[in-house]
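> Starting off with a structure, shown below.
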Amino acid sequence: MDALVEELLRDGTDPSSVLAECREGMRLVGERYEATDYYVSDLMMASTIFKKVIARLEPLTAGQAAATRGKVVAGTVKGDIHDIGKDLVVSTLRAAGYDVTDLGINVEPRAFVQTLEDTGASVLALSGLLTISFDPMKETVEAVEAAGLRPGVKIMLGGGPVTESVRVYAGADALGADPPAAVRLADGWTEAAR
Ligand code: B12
Numbered sequence: 002m003d004a005l006v007e008e009l010l011r012d013g014t015d016p017s018s019v020l021a022e023c024r025e026g027m028r029l030v031g032e033r034y035e036a037t038d039y040y041v042s043d044l045m046m047a048s049t050i051f052k053k054v055i056a057r058l059e060p061l062t063a064g065q066a067a068a069t070r071g072k073v074v075a076g077t078v079k080g081d082i083h084d085i086g087k088d089l090v091v092s093t094l095r096a097a098g099y100d101v102t103d104l105g106i107n108v109e110p111r112a113f114v115q116t117l118e119d120t121g122a123s124v125l126a127l128s129g130l131l132t133i134s135f136d137p138m139k140e141t142v143e144a145v146e147a148a149g150l151r152p153g154v155k156i157m158l159g160g161g162p163v164t165e166s167v168r169v170y171a172g173a174d175a176l177g178a179d180p181p182a183a184v185r186l187a188d189g190w191t192e193a194a195r
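Residue 2 is where the sequence shown starts when you use this note's numbering, and the numbers rise one by one after that.
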């Protein structure tokens with residue numbers, strides 16, 4: 002992949018179109034993952050490659066590699082350190098053109114609120130893999146509400162054990178099964194806001 006990108010750049014291909022091709026590639030990988038033709042390992046490999054391509058092309062596209070489709074804040078909720086799925090959601094959203102602030106793991110509700118305020122993001126993506134993560138999800142939704150940021154901020158949940166009843170319990174706007182679902186939800190919300 003590195004060699005292919007270098008070859009295209011040497012041939013004078015516009016870096017923005019190389020990036021657009023890579024975004025399309027990530028979209029296809031996501032589609033195949035949803036169709037169960039690809040495994041999680043395929044998604045992880047595609048996202049590792051995409052991150053490398055972004056790092057190479059960003060200086061050449063003068064910020065165009067940075068996203069423009071909308072702003073998202075993401076993280077794994079307080080008390081939970083699982084981040085494999087969250088990282089896939091983050092890189093897939095970035096590949097789709099979103100500017101994502103990833104707060105990492107074990108994130109306190111107030112840190113999510115602070116970052117939403119600082120960035121002006123309109124989408125919050127919360128991940129959790131433990132049953133004890135359901136309460137921190139609810140606390141985070143409540144903190145966003147208490148800060149007066151809703152309905153301007155839409156909140157999606159995801160992670161292995163998170164079901165529709167958890168979404169209702171936590172008071173979030175939507176539940177996403179996988180990274181392509183995260184992109185679809187963000188697309189729907191950001192398009193509706195335009
Ligand atoms: C890998 C793993 C770990 C690794 C984590 C490494 C890492 N960097 O993430 C390590 C070893 C550190 C770990 C630790 C623990 N783990 Co663990 N772990 C797992 C394991 C095997 C896989 C999880 C995983 O990465 N799956 C692959 C990813 C890709 O799937 P995913 O996270 O669900 O994400 C997908 C979707 O859900 C979605 N998604 C994810 N997030 C989001 C967010 C949004 C917004 C959207 C739309 C979608 C979305 O997209 C992803 C791709 O499709 C699971 C078992 C399992 N089969 O799930 C146990 C599991 C989650 N762990 C478990 C436990 C108990 C623990 C520990 C408490 C163990 C211990 N006693 O110390 C600690 C947790 C400590 C803590 N405070 O968090 C339990 C949870 C049980 C429960 N009911 O709560 C599980 C289910 C194992 C089990 N069967 O007992 N674990």
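Virtual Cβ for every residue (Gly too), placed ideally from N, Cα, C.
All values derive from a computational prediction rather than experimental measurement.
Tell me, please, which residues DSSP counts as bridged to GLY159.
As a working note, residue 159 is residue 158 in the sequence shown. Beta-bridge pairing links GLY159 to SER128.
> Would you give the residue range spanned by the alpha helix (DSSP H) that THR69 belongs to?
Counting from 1 along the sequence shown, the entry for residue 69 is found at position 68. It is not in any alpha helix (DSSP H) - THR69 carries neither H nor E in the DSSP assignment.
> From this set, GLY149, GLY86 and GLU146, which residue's C-alpha is nearest ALA182's C-alpha?
Mapped onto the sequence shown, residue 182 falls at position 181. Comparing Cα positions, the closest option is GLY86.
> May I ask whether a heavy atom of the ligand B12 can be found less than 7 Å away from the beta carbon of ALA126?
By 1-based counting over the sequence shown, the position of residue 126 is 125. Indeed, a heavy atom of the ligand B12 lies less than 7 Å from the Cβ.
> So, do the segment 105–113 and the segment 67–86 have three or more beta carbon pairs nearer to each other than 8 Å?
yes
> Can you tell me which of the three DSSP states ASP119 falls into?
Locating residue 119 in the sequence shown gives position 118, counting from the first residue. In this structure, ASP119 counts as helix in the three-state DSSP scheme.
> Go ahead and pull the three-state DSSP assignment for ASP136.
In the sequence shown, the residue the question calls residue 136 occupies position 135. Residue state, collapsed to three classes: helix.
> Does the segment 91–102 come into contact with the segment 145–155, if we say contact requires no fewer than three beta-carbon pairs (one atom in each stretch) closer than 8 Å?
no
> How far does the beta strand (DSSP E) with VAL101 in it reach, from first residue to last?
As a working note, residue 101 is residue 100 in the sequence shown. Counting along the chain, the beta strand (DSSP E) containing VAL101 begins and ends at 100–103.
> Over the uninterrupted alpha helix (DSSP H) stretch that includes ASP188, give me the two end residues.
Looking up residue 188 in the sequence shown gives position 187. Start and end: 180–194.
> With DSSP run on the structure shown, which of helix, strand or coil describes ALA75?
Taking the sequence shown and counting its residues from 1, the one referred to as residue 75 is at position 74. It is a strand residue.
> Which residue wins for smallest C-alpha separation from ILE133, given the options GLY160, VAL54 and CYS23?
Taking the first residue of the sequence shown as 1, we reach residue 133 at position 132. Among GLY160, VAL54 and CYS23, the Cα nearest to that of ILE133 is on GLY160.
> Taking the alpha carbon of ASP81 as the reference point, which residue from GLY129, ARG11 and GLU118 has its own alpha carbon closest?
Here residue 81 refers to the residue found at position 80 of the sequence shown. Taking only the C-alpha atoms, the option nearest ASP81 is GLY129.
> Based on Cα-Cα distance, which residue from ARG33, VAL167 and LEU58 lies nearest to LEU131?
If you number the sequence shown from 1, residue 131 lands on position 130. Among ARG33, VAL167 and LEU58, the Cα nearest to that of LEU131 belongs to VAL167.
> Give a yes or no on whether the C-beta atoms belonging to PHE113 and VAL145 are separated by under 8 Å.
Stepping through the sequence shown from its first residue, residue 113 is reached at position 112. Stepping through the sequence shown from its first residue, residue 145 is reached at position 144. Yes, the Cβ-Cβ distance between PHE113 and VAL145 is below 8 Å.
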